[in-house]
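What follows is a single structure, written as structure tokens, with notes after it.
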Amino acid sequence: MNHGLIVAGDDPEKIRAQSHEVLERIKQAVAEARPDLTDVSEAFRSAVGGDVVATDASVVAVAFPMTEAGARFLVEGPLIPDQIVYSGSFPVVISEGDDVAAVVERHRERHGIDPIVMVAPGLGVAAVGASAKQARTAVEVYVDALTVGQAASALGSVRALDDAERRFIETWEAEAYRQQVASQ
Numbered sequence: 001m002n003h004g005l006i007v008a009g010d011d012p013e014k015i016r017a018q019s020h021e022v023l024e025r026i027k028q029a030v031a032e033a034r035p036d037l038t039d040v041s042e043a044f045r046s047a048v049g050g051d052v053v054a055t056d057a058s059v060v061a062v063a064f065p066m067t068e069a070g071a072r073f074l075v076e077g078p079l080i081p082d083q084i085v086y087s088g089s090f091p092v093v094i095s096e097g098d099d100v101a102a103v104v105e106r107h108r109e110r111h112g113i114d115p116i117v118m119v120a121p122g123l124g125v126a127a128v129g130a131s132a133k134q135a136r137t138a139v140e141v142y143v144d145a146l147t148v149g150q151a152a153s154a155l156g157s158v159r160a161l162d163d164a165e166r167r168f169i170e171t172w173e174a175e176a177y178r179q180q181v182a183s184q
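Those letters in the sequence shown? Residues 1 to 184, by our numbering.
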């Protein structure tokens, strides 16, 4: 299906002016509606006690978590060992109006560890770290996993690591060493 803009006018200049006016209104509406992660990501950084926060408001980071498949993906667990090492096994999911500190505390109680990654469906993804590099790596690895999850969901289904596989990676000495190196 093709879409476009149709305007009419008495002369080419009036048509250009009408087209320009419509496009400016669209640009303004998009700018006003653009998701802003600043407040929620800073609240997340503060709740976790992280030094640095990195964010991603790409299309997949904003939109996929809002879908049914995306919501499942957020709670099913990691896809690959690197996701565990750099981004943690489970993100904390923050919905509009949530008390970020309270949601982070519930995550700690449930998983026994601070979250590294926060997903705010409709806003994007944030990750904390001891350095900008560590936070950026965590957010990039998680958004890569979201991208894979979105594609796999479109093709059929996603298979996250099961609990035994996940726990093995979480407690494996070689992965613990990689986590230590990654934090430097």
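Quick reminder that beta carbons are idealized off the backbone N, C-alpha and C, glycines included.
Spanning the alpha carbons of A154 and H20 requires a straight line of approximately 37 Å. Across the structure, L74 and I26 are spaced so that their CA atoms are roughly 32 Å apart.
Collapsing the DSSP output to three states places T55 in a strand. By the Cβ neighbour-count rule, S89 is buried, with 16 or more other Cβ atoms within 10 Å of its own.
Contact between the segment 55-73 and the segment 121-132 is established, with three or more Cβ pairs separated by less than 8 Å.
Annotation: the continuous beta strand (DSSP E) that includes V125 extends over 124-129. Using a Cβ distance threshold of 9 Å, L146 and V60 count as a contacting pair. About 15 Å separates the beta carbon of V52 from that of S87, a gap too long to meet the 8 Å contact definition. Rounded to the nearest angstrom, the Cβ distance from M118 to I94 is 6 Å, consistent with a contact under 8 Å.
Straight-line measurement puts the Cα of D98 at about 11 Å from the Cα of A43. According to the DSSP assignment, A101 belongs to no beta strand (DSSP E) but to the alpha helix (DSSP H) extending over 100-111. Secondary structure of V141 (DSSP, three-state): helix. Of the residues assessed, P12 falls on the exposed side of the cut-off, its CB having fewer than 16 other CB atoms within 10 angstroms.
In this structure, DSSP gives A120 an extended state, which the three-state scheme calls strand.
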